[in-house]
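What follows is one structure encoded as structure tokens, with my remarks underneath.
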Amino acid sequence: MATEHRPPVITGIGVTAPTGLGVEAHWAAVLAGKSGIDRISRFDPTPYPVRLAGQVSGFSAADSVPSRVARETDHWTHLALAAAEAALADAGADPATLPEYEMAVVTASSSGGTEFGQHEMEALYQHEPSWVGAYQSIAWFYAATTGQLSIRHKMRGPCGVLCGEQAGGLDAIGQARRLTRRGARLVLTGGTDASLCPYGLSAQLSTGRLSTVVDPARAYLPFDRSAAGYLPGEGGAILVLESDAGATERGAGQRYGTVLGYAAGFDPAPGSDRPPALRRTIEAALTDAGLSPGDIDVVFADGAGTPAEDLAEARAISAVFGPGAVPVTAPKVLTGRLYGGGAPLDVVTALLALRDGVVPHTAGVEQLAPGCDLDLVTDEPRTTPLRRALVLARGHGGFNSAVVLGR
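Structure (structure tokens):
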């Protein structure tokens, strides 16, 4: 198949998120401001300072994952397998009819299979090494989801995983776009995460950035004067990304949008006199897309939820677009930060916004923090013509990524 440079198209979407199972369920919840944040129920969170999270309700691995595979893999992989099945069905793509070496898989993961790993460690400490199952060696591994998707759908082209916390979800999509330029006709991409277990939550607490506010409606408020950190969550989204020629050849009847531009950066070390990388990353993504700031109709912000990081992001957006010059939103307040699954879910939400001409609101935010000179969409969705969206993501440790989407 000849290499091409027309923007690749997103033809299928699968969602397993706290806001719902499936594209339209998620979108309806976002537009209604219906939160998936609640008290953690996967284990008793009483001993922990953080007791709220975004959990995927109504999901059963038995409905979409073969029992043998379910026993050998972690919850985060189950969520991705189900989302991938839904995405392929949504795209009307049958992998069995496509050349196996022209299909690829690139996902993002931040935590890997922490819950599976915790159970195996419990078996080790409570009993002896012989109680630890052989699948511990792969179920916890960051690439487990990519590997399982590749095996299940016989996608034998280039496969990989990106580990950049929240930013990794955009990096995976950027790598998928690169693969379509090198001959891949179809790539499963995106990501999920699911680290809501005592071991996983303890690791997240070490950052000092999680919110301990007990009111679910006030616990995660990016850019708000009351911002006090973020809440964790599980789930994410898997997308079918196809080369324009590949989608045309197989007669794809649905195109949610195109990936016009992508860029990644990395912040300098703490204490450096160099500025953060987010502004440069935004500018690089626009340059990659061949666009100017005025061509962007909406920005889906990273929304860290901590005052310093919110201010840094607001300043970067204002520096590129001008203070209050472009609508900004952070609908992840309804799910918590999903790490490797968060940015792919934001991409899904942005594509649906482009489709329907509506900017979803950032529920709960009442008063912008000083210095956050943004046109943050609050209170209710805003109907407006939309052609292009910018999605931003940052990851703990300095990762920055940006993707430009076209209708």
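Residue numbers (this note's numbering): 32 to 438.
Just so you know, even glycine gets a beta-carbon here, dropped at the ideal spot from N, CA and C.
- For LEU405, the secondary structure class from DSSP, reduced to helix, strand or coil, is coil.
- Taking a 10 Å sphere around the C-beta of ARG425, we find 16 or more other C-beta atoms and assign the residue as buried.
- According to DSSP, SER432 shares a beta bridge with ALA295 and ALA424.
- In the DSSP assignment, THR360 falls within the beta strand (DSSP E) that extends over 358-360.
- Of the candidates ILE269, ALA332 and VAL359, the residue whose Cα lies closest to the Cα of SER432 is ALA332.
- Taking C-beta separations shorter than 6 Å and ignoring five residues to either side along the sequence, the partners of GLY296 in its chain run ALA308, ARG311, THR312 and ASN431, following chain order.
- Bridge pairing for GLU159: absent [DSSP].
- Put simply, the backbone Cα of ALA335 is about 6 Å away from that of PRO253.
- In its chain, beyond the 5 residues on either side, ASP326, ASP328, LEU385, GLY437 and ARG438 have a beta carbon closer than 8 Å to the beta carbon of ARG418.
- Sequence-distant Cβ neighbours of THR380 in its own chain, meaning closer than 8 Å and more than five residues away, are HIS57, TRP58, VAL61, PHE331, PRO362 and PRO391.
- At least 9 Å separates the beta-carbon of TYR287 from that of THR50.
- DSSP places ARG418 in the coil class of the three-state scheme, outside both helix and strand.
- By the Cβ rule, the region 206-213 does not count as touching the region 146-161, because fewer than three pairs are nearer than 8 Å.
- Collapsing the DSSP output to three states places ASP333 in coil.
- With distances taken between CA atoms, THR415 lies nearest to GLY388 out of ALA350, PRO306, ARG249 and GLY388.
- Residue burial annotation: ASP105 is buried, with at least 16 other C-beta atoms found within 10 angstroms of its C-beta.
- Of the candidates VAL396, ASP304 and GLY264, the residue whose Cα lies closest to the Cα of VAL87 is GLY264.
- In the three-state reduction of the DSSP assignment, ASP328 falls in the coil class.
- The DSSP-derived three-state label of VAL61 is helix.
- At a Cβ-Cβ threshold of 9 Å, ARG256 and PRO401 count as neighbours.
- Rounded to whole angstroms, the Cβ separation of CYS190 and SER181 is 5 Å, and the two are in contact under 8 Å.
- In the DSSP assignment, ALA394 falls outside any beta strand (DSSP E) and carries neither an H nor an E.
- Between VAL40 and LEU232, the beta carbon gap of about 38 Å keeps them out of contact (Cβ cut-off 8 Å).
- Fully contained in the region 187-273 are the following alpha helix (DSSP H) runs of length 4 or more, in chain order: 199-212 and 229-236.
- For ALA135, no alpha helix (DSSP H) segment is defined; the enclosing uninterrupted segment is the beta strand (DSSP E) at 134-139.
- Where THR104 is concerned, there is no enclosing beta strand (DSSP E), because DSSP gives it neither an H nor an E.
- Secondary structure note for ARG70: its beta strand (DSSP E) is the uninterrupted segment 68-70.
- For ILE169, the closest C-alpha among the options ALA48, LEU421, LEU317 and ARG102 is that of ARG102.
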